[in-house]
Structure formats: structure tokens, C-alpha cells
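Chemist: Following the numbering used here, the numbering of the sequence shown begins with 14 at its first residue and continues without gaps.
Backbone N, C-alpha and C fix where the C-beta goes; we use that ideal spot for every residue, glycine too.
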Amino acid sequence: MESLIRYGWDAEKIPGYECRDTPEENGRKDHVIGICFIVYGIVTEFIYTIDMIVMVRKQHRRLSCYKIMIVLGVYDMAAIFINSLLTGYLWLNGINYCANPTSVYIFGSVAVALWCGACLNCFVLVINRLLDVSNKAWMYMVSGQNTRNFCEFGELQGGA
14 MESLIRYGWD AEKIPGYECR DTPEENGRKD HVIGICFIVY GIVTEFIYTI
64 DMIVMVRKQH RRLSCYKIMI VLGVYDMAAI FINSLLTGYL WLNGINYCAN
114 PTSVYIFGSV AVALWCGACL NCFVLVINRL LDVSNKAWMY MVSGQNTRNF
164 CEFGELQGGA
């Protein structure tokens with residue numbers, strides 16, 4: 014994203030991202046691929062919503078591992094929206110990078126940021142589980158209020 018800001022919010026000015034040899038009209042529409050992306054996204058979001066409803070219950074939220082998994086669920090649901098539902102919409106309308114470079118660049122940057130944040134929070138979950146089964150004395154590092162602090166590392170990574 015810093016490249017986009019540096020080049021005046023115009024993705025075509027970023028070196029390596031210009032569309033000089035490509036016409037700027039929309040690309041090929043593909044209804045089959047678009048519908049497949051959208052159906053997959055809707056089904057996955059529906060299942061994830063049910064999972065999140067269970068995880069946010071008070072009896073689960075008191076456990077640090079569930080707090081971390083709730084944060085991961087938020088990351089994943091946002092990523093599924095971009096990677097499935099939005100991608101399906103773009104396929105249905107034949108919208109490609111050269112037709113709308115700045116928007117596609119921003120969507121891609123947000124998707125990568127969500128992936129980075131989710132990866133780091135997965136690592137936090139691994140640390141949490143390892144400390145829980147191995148050394149209870151160190152569990153204070155990733156439990157209670159510290160769980161939120163650890164999850165913020167993922168937010169920083171995702172936003173970087």
C-alpha cells in the first residue's frame with residue numbers, strides 16, 4: 014500500500030504494475046467461474062458464521078485459545094469475502110487489473126494483509142497451546158489480558 018500512496022493513489026504509476034500493452038477495457042466474463050467463487054464463498058461464510066456463534070459464547074470466551082480463534086475467524090471471514098465473493102463478482106463482470114487497477118491493487122493488498130495477520134495469529138495459537146500443555150508457569154504470558162496483546166501482534170503484521 015505504501016507504493017500506492019507514494020505514486021499518488023494511481024496503481025498504474027507503480028513500476029511493474031502499468032498496463033501499457035494491455036487494452037483498458039474489461040476482460041473476459043466467465044459466469045461459471047464467477048458463480049463457483051460466489052457459491053463457495055457463501056457456503057464457507059455460512060459455516061464460519063455458525064462456528065463463530067459457538068466460539069463467542071461466554072463459556073468459551075474465557076479460554077485464551079478461543080479468544081485467539083475468534084480473532085482468526087474475523088481474519089478468515091474478511092479474507093473469504095475478498096478472495097471468494099469479490100473475486101466471483103469480478104469474474105462475472107469481466108473486471109481485470111487493467112480495467113480498474115487501483116481498486117484491484119487495494120483489494121489484493123488487503124487480502125495479503127489479512128493473510129499475514131492470520132498467519133501470525135496462527136503462530137500465537139501454537140505458542141498458546143504449547144505453553145498450555147508443557148509449562149503452566151509460563152501460561153500467564155498468553156492468557157487473560159495478555160491474549161489480546163498477543164493478538165494485536167497479528168494486527169500489526171497484517172497492517173504493516
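How far does the alpha helix (DSSP H) with Cys135 in it extend, from its first residue to its last?
Modeler: Residue numbering aside, residue 135 sits at position 122 when the sequence shown is read from its first letter. Residues Pro114 to Ser147.
Chemist: Could you compute how far the alpha carbon of Ile55 sits from the alpha carbon of Met68?
Modeler: Walking along the sequence shown from the start, residue 55 turns up at place 42. Walking along the sequence shown from the start, residue 68 turns up at place 55. Their backbone Cα atoms lie some 20 Å apart in a straight line.
Chemist: If you run the structure through DSSP and keep just helix, strand and coil, what is Ala173?
Modeler: One-based indexing of the sequence shown puts residue 173 at position 160. Confidence in Ala173 is poor, its pLDDT being 47 and thus under 50, which makes the residue's placement unreliable; the coordinate value appears in the next sentence. It is coil, neither helix nor strand.
Chemist: Consult DSSP for Val45 and reduce its assignment to one of helix, strand or coil.
Modeler: Numbered from its first residue, the sequence shown carries residue 45 at position 32. Helix, per DSSP.
Chemist: Would you kindly work out how many angstroms separate the C-alpha atoms of Gly86 and Leu76, rounded to a whole number?
Modeler: Locating residue 86 in the sequence shown gives position 73, counting from the first residue. Locating residue 76 in the sequence shown gives position 63, counting from the first residue. Rounded to the nearest angstrom, the two C-alpha atoms are 15 Å apart.
Chemist: Whole angstroms is fine: what's the gap from Pro114's alpha carbon to Gly40's?
Modeler: Start at 1 with the first residue of the sequence shown, and residue 114 comes out as number 101. Start at 1 with the first residue of the sequence shown, and residue 40 comes out as number 27. Spanning the two alpha carbons is a distance of roughly 13 Å.
Chemist: According to the Cβ coordinates, are Leu127 and Tyr102 closer than 9 Å?
Modeler: Here residue 127 refers to the residue found at position 114 of the sequence shown. Here residue 102 refers to the residue found at position 89 of the sequence shown. No, Cβ-Cβ distance for Leu127 and Tyr102 is not below 9 Å.
Chemist: By the DSSP assignment, the alpha helix (DSSP H) with Leu98 in it spans what residues?
Modeler: Within the sequence shown, residue 98 is the residue found at index 85, counting from 1. No alpha helix (DSSP H) holds Leu98; DSSP gives it neither H nor E.
Chemist: How far does the alpha helix (DSSP H) with Glu15 in it reach, from first residue to last?
Modeler: The sequence position of residue 15 within the sequence shown is 2, counting from 1. Counting along the chain, the alpha helix (DSSP H) containing Glu15 begins and ends at Glu15 to Arg19.
Chemist: For a test of the three-state rule: what should DSSP assign to Glu58, helix, strand or coil?
Modeler: Counting from one through the sequence shown, the residue named residue 58 turns up at place 45. Of the three classes helix, strand and coil, the one that applies to Glu58 here is helix, per DSSP.
Chemist: Going by the beta-carbon positions, is the gap between Ile95 and Phe120 smaller than 9 Å?
Modeler: Mapped onto the sequence shown, residue 95 falls at position 82. Mapped onto the sequence shown, residue 120 falls at position 107. Yes, Cβ-Cβ distance for Ile95 and Phe120 is below 9 Å.
Chemist: Using CA atoms only, rank isn't needed, just tell me which of Trp104, Ala24, Arg70 and Met82 is closest to Asn141.
Modeler: The residue you call residue 141 lines up with position 128 of the sequence shown. It is Met82.
Chemist: Comparing alpha-carbon positions, which option in Ile46, Gln72, Tyr118 and Val125 lies nearest Ile18?
Modeler: Start at 1 with the first residue of the sequence shown, and residue 18 comes out as number 5. The shortest C-alpha separation from Ile18 is found at Tyr118.
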